[in-house]
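Q: Here it is, the structure, as structure tokens.
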Amino acid sequence: MRRAALCALTAAALLAGCATAQRPDPLEPLNRKVFAFNEAVDTAVLKPTAEAYRAVLPTPAQIAVSNFFGNLKDAWSAVNLLLQGRVADSLSDVMRVGTNTVFGFMGVMDIATELGFERHGEDFGQTLGRWGVPPGAYIVWPLLGPSTVRDSVGLPVDMLATPESLVNVSVTRNSMTALRLVSTRAGLLSTTGLLDDIALDKYAFVRTAYLQRRRSLVYDGNPPEEDDEDDLPPVAAPAPETPAAPASAAAAEPPASRASGN
């Protein structure tokens, strides 16, 4: 186990060193193959399941499911905000969780938003970014979707903060994971449909959108100009806030979590 962890860290360090502002995707040939695999899985399994979920389950029930999973994510966000030194924002997320847990019936109702408590949605990848860890090379993981070296390091930590990680019964845990995946994918149906219509090179579009959005999240929408050459290559035009991949967003949310085919 220790040897595997050491190898993973060594590989991550090497990949981080290979990436530059002008060449953030040194693994592009391999990444494109993984991206194509993820697209095929989405087309064959995830998208049809999400469409059936949306068609069968009433909208209030879909919202309740999304709110429930979002409630624990808010708790993890509060931890990350505290690690980033943003105490006031962390307390705000704590208030969100407390309000929705007590008055929102364990989070199935989002009372906190109506009361003015903003959702921050911080993850450990963002925390590493605030600590000064560079993003490193762009990576596309099977099923998990787009990431970077930095976000890949944070991903296992984020997974420990999902509701199913707190369940010991494997059947229940697997069912919760599947429900979270389908709920997230259903929420991305319209967005991925738009992406199919406007992107000439979907892989390149998703990569640019993911890197831009993650950088914006790390710096709360105000990235310092002096870091431009270290974090992200120049692009012709800003990419919209496009979800990186349904599977990615569902599995860890980084990466909003988190575009596959529609």
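So the sequence shown is residues -21 to -1, 1 to 241, counted in mature numbering (1 follows the signal peptide of the UniProt record, and there is no 0). For glycine and all other residues, C-beta sits at the position ideal for the given N, C-alpha and C.
Hey, would you say V132 sits closer than 9 Å to G100, going by beta carbons?
A: Your numbering for residue 132 matches position 153 in the sequence shown. Your numbering for residue 100 matches position 121 in the sequence shown. No.
Q: Could you check where the beta strand (DSSP E) with W55 kicks off and where it finishes?
A: To locate residue 55, count along the sequence shown from 1; it is residue 76. Annotation: W55 is outside any beta strand (DSSP E); the continuous alpha helix (DSSP H) that includes it extends over T38 to L62.
Q: Is the CB-CB distance between N17 and V119 below 9 Å?
A: The sequence position of residue 17 within the sequence shown is 38, counting from 1. The sequence position of residue 119 within the sequence shown is 140, counting from 1. N17 places its beta carbon less than 9 Å from that of V119.
Q: Taking E5 as the reference, give the member of K12, V35, D89 and Y117 with the closest Cα.
A: Locating residue 5 in the sequence shown gives position 26, counting from the first residue. In the sequence as presented, Glu is not what sits at residue 5; that position holds Pro. The shortest Cα separation from P5 among K12, V35, D89 and Y117 belongs to Y117.
Q: Hey, quick one: how far does the beta strand (DSSP E) through S126 stretch, first residue to last?
A: Position 147 of the sequence shown holds residue 126. Its beta strand (DSSP E) spans residues G124 to T127.
Q: Hey, would you say P121 sits closer than 9 Å to V13, going by beta carbons?
A: Taking the first residue of the sequence shown as 1, we reach residue 121 at position 142. Taking the first residue of the sequence shown as 1, we reach residue 13 at position 34. The answer is yes: Cβ separation under 9 Å.
Q: Reducing DSSP to helix, strand and coil, say where V119 ends up.
A: One-based indexing of the sequence shown puts residue 119 at position 140. Correct three-state label for V119: strand.
Q: Which residues bound the alpha helix (DSSP H) around Q105?
A: The count along the sequence shown starts at 1 and reaches residue 105 at position 126. Here the alpha helix (DSSP H) through Q105 covers F103 to R109.
Q: Can you have a look at D209 and say buried or exposed, based on whether 16 or more other CB atoms are within 10 angstroms of its CB?
A: Position 230 of the sequence shown, counted from the start, is the residue given in the question as residue 209. Reliability fails at D209, whose pLDDT of 47 lies under 50, so the model's placement of it is uncertain and the value that follows must be treated cautiously. Burial call: exposed.
Q: Could you work out which residue in N153, R164, G95 and T151 is closest to N79 when comparing CA atoms only?
A: Within the sequence shown, numbered from 1, the residue matching residue 79 stands at position 100. When each option's Cα is compared against that of N79, the closest is G95.
Q: If contacts are defined as beta-carbon pairs under 8 Å, then A29 and V161 qualify, I think. What distance do you get, rounded to the angstrom?
A: Mapped onto the sequence shown, residue 29 falls at position 50. Mapped onto the sequence shown, residue 161 falls at position 182. About 6 Å; that satisfies the 8 Å criterion.
Q: Starting from the C-beta of Y198, find all residues in its chain whose C-beta is less than 7 Å away, skip the five residues before and the five after it, and write them out in chain order.
A: Reading the sequence shown from its first residue, position 219 is the one you call residue 198. Counting only Cβ-Cβ distances below 7 Å, and skipping sequence neighbours, we find nothing.
Q: Please report the Cβ distance between D137 and D102, rounded to the nearest whole angstrom; I am assuming they are in contact, meaning their Cβ atoms lie under 8 Å.
A: Within the sequence shown, numbered from 1, the residue matching residue 137 stands at position 158. Within the sequence shown, numbered from 1, the residue matching residue 102 stands at position 123. Confirmed, about 5 Å.
Q: Alpha carbon to alpha carbon, how far is Y189 from G49? Give it in angstroms, no decimals.
A: Residue 49 sits at position 70 when you count from the first residue of the sequence shown. Residue 189 sits at position 210 when you count from the first residue of the sequence shown. For G49 and Y189, the distance between alpha carbons rounds to 21 Å.
Q: From A86 to Q1, what does the alpha carbon distance come to, in whole angstroms?
A: Here residue 86 refers to the residue found at position 107 when the sequence shown is read from its first residue. Here residue 1 refers to the residue found at position 22 when the sequence shown is read from its first residue. Reading off the sequence shown, one finds Gly at residue 86, where the question assumed Ala. Rounded to the nearest whole angstrom, the C-alpha separation of G86 and Q1 is 44 Å.
Q: Out of R65, G166 and I90, point me to the one whose CA is closest to W110's CA.
A: Taking the sequence shown and counting its residues from 1, one reaches residue 110 at position 131. Of the candidates R65, G166 and I90, the one whose C-alpha sits nearest the C-alpha of W110 is R65.
Q: Please list the terminal residues of the continuous alpha helix (DSSP H) segment that includes D72.
A: The sequence position of residue 72 within the sequence shown is 93, counting from 1. Start and end: V66 to V81.
Q: Who are the Cβ neighbours of V112 in its own chain at under 7 Å, not counting the five residues just before and after it?
A: Within the sequence shown, the letter at position 133 stands for residue 112. R129.
Q: Does the region 35 to 44 come close enough to the region 136 to 151 to have 3 or more Cβ pairs within less than 8 Å?
A: no
Q: Note down the Cα distance separating Y182 from E143, rounded to an integer number of angstroms.
A: Taking the first residue of the sequence shown as 1, we reach residue 182 at position 203. Taking the first residue of the sequence shown as 1, we reach residue 143 at position 164. Approximately 31 Å between the Cα atoms of the pair.
Q: Pick from T106, R164, S126 and V146: whose alpha carbon is nearest that of N59?
A: If you number the sequence shown from 1, residue 59 lands on position 80. Taking only the C-alpha atoms, the option nearest N59 is T106.
Q: Less than 8 Å between the CB of R98 and some heavy atom of the ligand SAM, yes or no?
A: With respect to small molecules bound, the structure shown includes none, and the ligand SAM cannot be examined in it.
Q: Is the distance from the Cβ of S71 to the Cβ of E97 below 9 Å?
A: Residue mapping note: residue 71 aligns to position 92 of the sequence shown, counting from 1. Residue mapping note: residue 97 aligns to position 118 of the sequence shown, counting from 1. Closer than 9 Å, so yes.
Q: Where D207 and Q191 are concerned, what is the direct C-alpha to C-alpha distance, given to the nearest angstrom?
A: One-based indexing of the sequence shown puts residue 207 at position 228. One-based indexing of the sequence shown puts residue 191 at position 212. Per-residue confidence for D207 stands at a pLDDT of 46, beneath the threshold of 50, marking its modelled position as unreliable; no derived number is given.
Q: With a threshold of 16 other CB atoms inside 10 Å of the CB of L145, please say whether the residue is buried or exposed.
A: For the purposes of this step, residue 145 is taken as residue 166 along the sequence shown, with counting starting at 1. Classification for L145: exposed.
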